[in-house]
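A.B. asks: Numbering (the numbering used here), first residue to last: 1113 to 1379.
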């Protein structure tokens, strides 16, 4: 069996951070959506390494195998994982990529630690209107009520919650993988989405000064927000994949990796 990446732990702001890495080129730290884990990036680790990048995926605190915070962190607190990982790996700086929740985390990292960031990729940015924010808050409130039940019906509830996030799905295996990894967060699964709703991406996107790529796919549940980002920042680079869902990395790993590498390795 070919080993495509290696996993390890680093000290972070809330205990240990679980991460994986592959490749020897310029470093790219990748932060996943929630509730999920860095398993989201496993399909592209070797692809990114083959394209000349050092791919680094991180489990954000409370998700995957990273230690759980003792309180609901803010996006600014989550962003502290970036210098923690870079310090652990002996890196002065690196490229950052975030998907959905991760896009907000890496945005804040770029603003808080600008000298540690080279280029920035927002895969599914989230500038919201007030009406959209209230809708998402109402939808995500269910996460706070999840608790185990002896009849297992809580698992059906959580499966249905994820299923409602998209009008259609393409890859049942990918859906199941990310559903299972979302369960690892336990009763604190709501922490990251709470931070997302308290963070106004629309207010901070105009403050980004790093070279930035908005990466979108037309079938993403928040594709409209990616388009809005480009209206706000026409100076950003933009790459658009056709179709897909929130599981785009599983669905189109080659196309996704090509878009990422093309931006990061360009002059």
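Quick reminder that beta carbons are idealized off the backbone N, C-alpha and C, glycines included.
What residue range is occupied by the uninterrupted beta strand (DSSP E) comprising residue 1352?
C.D. replies: Note, residue 1352: beta strand (DSSP E), 1349-1353.
A.B. asks: From the DSSP output, in three-state form, read off residue 1233 for me.
C.D. replies: In the structure shown, residue 1233 sits in a strand (DSSP, three-state: E or B).
A.B. asks: Note down, in chain order, each residue of its chain lying with its Cβ closer than 7 Å to the Cβ of residue 1221, except the 5 sequence neighbours on either side.
C.D. replies: Excluding sequence neighbours, residue 1221 sits near 1191, 1194, 1208, 1229.
A.B. asks: Assuming residue 1156 is part of the alpha helix (DSSP H), what are its boundary residues?
C.D. replies: No alpha helix (DSSP H) contains residue 1156, which DSSP labels as neither H nor E.
A.B. asks: Does DSSP classify residue 1133 as helix, strand or coil?
C.D. replies: In the structure shown, residue 1133 sits in a strand (DSSP, three-state: E or B).
A.B. asks: Out of 1217, 1290, 1200, point me to the one whose CA is closest to residue 1173's CA.
C.D. replies: The residue with the shortest Cα to Cα distance from residue 1173 is 1217.
A.B. asks: Could you check which residue in 1147, 1122, 1133 has the C-alpha nearest to that of residue 1305?
C.D. replies: The residue with the shortest Cα to Cα distance from residue 1305 is 1147.
A.B. asks: Going by C-alpha distance, which of 1300, 1223, 1129, 1134 is nearest residue 1184?
C.D. replies: For the residues 1300, 1223, 1129, 1134, the minimum Cα distance to residue 1184 belongs to 1300.
A.B. asks: If you drop the 5 nearest sequence neighbours on each side, which residues of the same chain put their C-beta closer than 6 Å to that of residue 1177?
C.D. replies: Cβ within range, chain order: 1130, 1171.
A.B. asks: Return the chain-ordered list of same chain residues with a C-beta closer than 7 Å to the C-beta of residue 1120, the five sequence neighbours on each side being excluded.
C.D. replies: Counting only Cβ-Cβ distances below 7 Å, and skipping sequence neighbours, we find 1131.
A.B. asks: Should residue 1262 go down as buried or exposed, given a rule of 16 or more other Cβ atoms within 10 Å for buried?
C.D. replies: Per the 10 Å Cβ criterion, exposed.
A.B. asks: Can you grab the Cα-Cα spacing for the pair residue 1375 / residue 1118, in whole Å?
C.D. replies: C-alpha separation (whole angstroms): 25 Å.
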